[in-house]
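Colleague:
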Ligand SMILES: NC(=O)c1ccc[n+]([C@@H]2O[C@H](COP(=O)([O-])OP(=O)(O)OC[C@H]3O[C@@H](n4cnc5c(N)ncnc54)[C@H](O)[C@@H]3O)[C@@H](O)[C@H]2O)c1
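Residue numbers (my numbering): 230 to 586.
1. Suppose only complete runs of 4+ residues qualify. What are the alpha helix (DSSP H) ranges in the region 497-555, listed by chain order?
2. Which one of 247, 241, 254, 246 has the shortest CA to CA distance from residue 234?
3. Run through DSSP, which three-state label would residue 286 get?
4. Would you say residue 489 touches ligand 1, meaning its beta carbon is less than 7 Å from a heavy atom?
5. Determine the contact status of residue 499 and residue 376, defining contact as a CB-CB distance below 8 Å.
6. Which full runs of the beta strand (DSSP E) of 3+ residues lie inside the region 441-508, going along the chain?
7. Short of 6 Å in beta carbon distance, which residues of its chain neighbour residue 574, apart from the five on each side in sequence? Order them along the chain.
8. What's the gap between the Cα of residue 516 and the Cα of residue 325?
9. In the DSSP assignment, find the beta strand (DSSP E) that holds residue 357 and state where it starts and stops.
10. Run the proximity test for residue 264: is its beta-carbon closer than 7 Å to any non-hydrogen atom belonging to ligand 1?
11. Do the region 392-404 and the region 353-373 touch if we need at least three Cβ pairs shorter than 8 Å?
12. How far does the alpha helix (DSSP H) with residue 393 in it reach, from first residue to last?
13. Can you tell me whether residue 377 is helix, strand or coil according to DSSP?
14. Pick helix, strand or coil for residue 291, following the three-state DSSP scheme.
15. Use the C-beta contact count for residue 304: other C-beta atoms within 10 angstroms, 16 or more gives buried, fewer gives exposed.
16. Quick one: is residue 246 buried, meaning 16 or more other Cβ sit within 10 Å of its Cβ, or exposed?
17. Here's a check: name, in chain order, each residue in its chain whose Cβ is nearer than 7 Å to the Cβ of residue 491, leaving out the five neighbours to either side.
18. Kindly indicate which three-state DSSP category residue 437 falls into: helix, strand or coil?
19. Mind checking whether the beta-carbon of residue 324 lies closer than 7 Å to any heavy atom of ligand 1?
20. Below 8 Å on the Cβ atoms is my contact criterion, and I expect residue 284 with residue 266 to pass it. Report the Cβ-Cβ distance as a whole number of Å.
21. Excluding the 5 residues flanking residue 289 on each side, which residues of the same chain have their C-beta closer than 8 Å to its C-beta?
22. According to DSSP, residue 322 sits in a beta bridge with which residue or residues?
23. Could you spell out the range, first to last residue, of the alpha helix (DSSP H) harbouring residue 344?
24. Tell me whether residue 521, by its Cβ, gets closer than 7 Å to a heavy atom of ligand 1.
25. Given 7 Å as the limit, tell me if residue 244 has its C-beta closer than that to any heavy atom belonging to ligand 3.
26. Taking 7 Å as the cut-off, does the CB of residue 462 come closer than this to any heavy atom belonging to ligand 1?
27. Just checking residue 306 against ligand 1 - is the residue's beta carbon closer than 7 Å to any of the ligand's heavy atoms?
28. Buried or exposed for residue 467, please, with buried defined as at least 16 other CB atoms from any protein chain shown within 10 angstroms of its CB.
29. Between residue 456 and residue 430, what straight-line distance do the alpha-carbon atoms span, to the nearest angstrom?
30. From the DSSP output, in three-state form, read off residue 427 for me.
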């Protein structure tokens, strides 16, 4: 391994620059190449970052300067690419969701284990300071008995957004709001309050009649710890407001709005609490509420820095795909519940029929 880790980004679309900026700003990483079947996109990004352009993954994987590949392809293409990268001995960061099925997710995990490479998933919102504070407070029991864990993602996407690329209107490719937008926040609830035991969901298309997918999700989740949760996810609600997650327990309440700690209140007040309440109050960064690229690369940068450090220190990454599998399971349970119009107990198995609409 060279002193700095070389990164290749597979897929030079919307999210690629978030990875590229993160690599450039991280300590110990450098951009080596972009790869896209759309040559213009690969060339453009490569020129911007002084990197090479490849037009097929096979070609990019032969580049000995690449140690890590960020898989930033449409959701349904993650699995094959991750397995191919692993077999070529490259560490991988896959964008969310890890894959579109549990079977594929397990297969990717297995392929990376066999190849001895690391596999992280970009559910980077977990790394936000305010979320980490919530996680610590849950771990140390400051909420008392956790009663509620809720997420509200009331966003807006135009009709044109859904027609900007064929996969964006394909439910099977994960273009519905549940996989494409709410996934991060469902993941946060799973991370903070999980595992989940039961899901009941309803899905609707409220404002995008030209596409056959859900632009709105309403769900109830029961968690094994006894907490219950409500999730509202939508891309129909103009102009789109910052996502909100809320934890309520017998002894405390925390509410994060966007990146801002809006409420942080515990019966056992500590000296640090006053400062925690100010977190993010100066932030004017949006969280993709009104448009797909309206967010900062800070959280992706933390994920990429962790990958660099994990390789150097030969340790597990901070967000292994194993830890995101339960989120995908909740999401798949939501589709099954909505399709059957009844609650679904976890664990679930893959059911391909849920993608029909
Ligand atoms: N973590 C986040 O906050 C976040 C934000 C946005 C998107 N995402 C995820 O990132 C992934 C990509 O989303 P996007 O919005 O950038 O999509 P996009 O459509 O803008 O970009 C995908 C790119 O992949 C290319 N591509 C398709 N098949 C290819 C192949 N076989 N080989 C090489 N290139 C190929 C396309 O030409 C396109 O340029 C999705 O999984 C999405 O869910 C995550």
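Using N, Cα and C, we set each Cβ at its ideal position, and we do this for glycine too.
Keep in mind that this is a model prediction, so the values were computed, not measured.
Modeller: Let me lay it out:
1. 502-505, 527-542
2. Locating residue 234 in the chain shown gives position 5, counting from the first residue. The candidate whose alpha carbon is nearest that of residue 234 is 254.
3. Residue numbering aside, residue 286 sits at position 57 when the chain shown is read from its first letter. If DSSP states are grouped into helix, strand and coil, residue 286 belongs with the helices.
4. If you number the chain shown from 1, residue 489 lands on position 260. Not under cutoff, so the answer is no.
5. Working through the chain shown from its first residue, we reach residue 499 at position 270. Working through the chain shown from its first residue, we reach residue 376 at position 147. Cβ distance not < 8 Å, so residue 499 and residue 376 don't count as in contact.
6. 445-452, 457-463, 473-478, 481-486, 489-495
7. For the purposes of this step, residue 574 is taken as residue 345 along the chain shown, with counting starting at 1. Excluding sequence neighbours, residue 574 sits near 427.
8. Locating residue 516 in the chain shown gives position 287, counting from the first residue. Locating residue 325 in the chain shown gives position 96, counting from the first residue. Spanning the two alpha carbons is a distance of roughly 16 Å.
9. Counted from its first residue, the chain shown places residue 357 at position 128. Looking at the DSSP string, residue 357 is not in any beta strand (DSSP E), and its letter there is neither H nor E.
10. If you number the chain shown from 1, residue 264 lands on position 35. At least one heavy atom of ligand 1 is nearer than 7 Å to the Cβ of residue 264, so yes.
11. no
12. Indexing the chain shown from 1 puts residue 393 at position 164. It is not in any alpha helix (DSSP H) - residue 393 carries neither H nor E in the DSSP assignment.
13. Along the chain shown, one-based indexing puts residue 377 at 148. If DSSP states are grouped into helix, strand and coil, residue 377 belongs with the strands.
14. Locating residue 291 in the chain shown gives position 62, where the first residue counts as 1. In the structure shown, residue 291 sits in coil (DSSP, three-state: anything other than H, G, I, E or B).
15. As a position in the chain shown, residue 304 is number 75, starting the count at 1. When all chains shown are included, residue 304 counts as buried.
16. Here residue 246 corresponds to residue number 17 of the chain shown, with the count starting at 1. Flag for residue 246 reads buried.
17. For the purposes of this step, residue 491 is taken as residue 262 along the chain shown, with counting starting at 1. If we look at residue 491 and ignore the five residues flanking it on each side, its Cβ neighbours are 484, 485.
18. Position 208 of the chain shown, counted from the first residue, corresponds to residue 437. Coil, per DSSP.
19. Sequence index remark: in the chain shown, residue 324 carries index 95 (1-based). The answer is yes for residue 324.
20. The residue you call residue 284 lines up with position 55 of the chain shown. The residue you call residue 266 lines up with position 37 of the chain shown. Confirmed, Cβ separation roughly 6 Å.
21. To locate residue 289, count along the chain shown from 1; it is residue 60. Hits under 8 Å: 237, 239, 262, 264, 283, 295, 298.
22. Your numbering for residue 322 matches position 93 in the chain shown. 299, 349.
23. As a first step, residue 344 is located in the chain shown; it is residue number 115 there, counting from the start. 331-344 is the span of the alpha helix (DSSP H), which, as asked, contains residue 344.
24. Indexing the chain shown from 1 puts residue 521 at position 292. Checking every heavy atom of ligand 1 against the Cβ of residue 521, one is found closer than 7 Å.
25. You won't find ligand 3 in this model; what it holds is ligand 1.
26. The residue you call residue 462 lines up with position 233 of the chain shown. No, the beta carbon of residue 462 sits no closer than 7 Å to any heavy atom of ligand 1.
27. As a first step, residue 306 is located in the chain shown; it is residue number 77 there, counting from the start. Residue 306: yes, Cβ under 7 Å from ligand 1.
28. One-based indexing of the chain shown puts residue 467 at position 238. Burial call: exposed.
29. As a position in the chain shown, residue 456 is number 227, starting the count at 1. As a position in the chain shown, residue 430 is number 201, starting the count at 1. The straight-line gap from Cα to Cα measures roughly 17 Å.
30. Translated into positions along the chain shown, residue 427 becomes position 198. Of the three classes helix, strand and coil, the one that applies to residue 427 here is strand, per DSSP.
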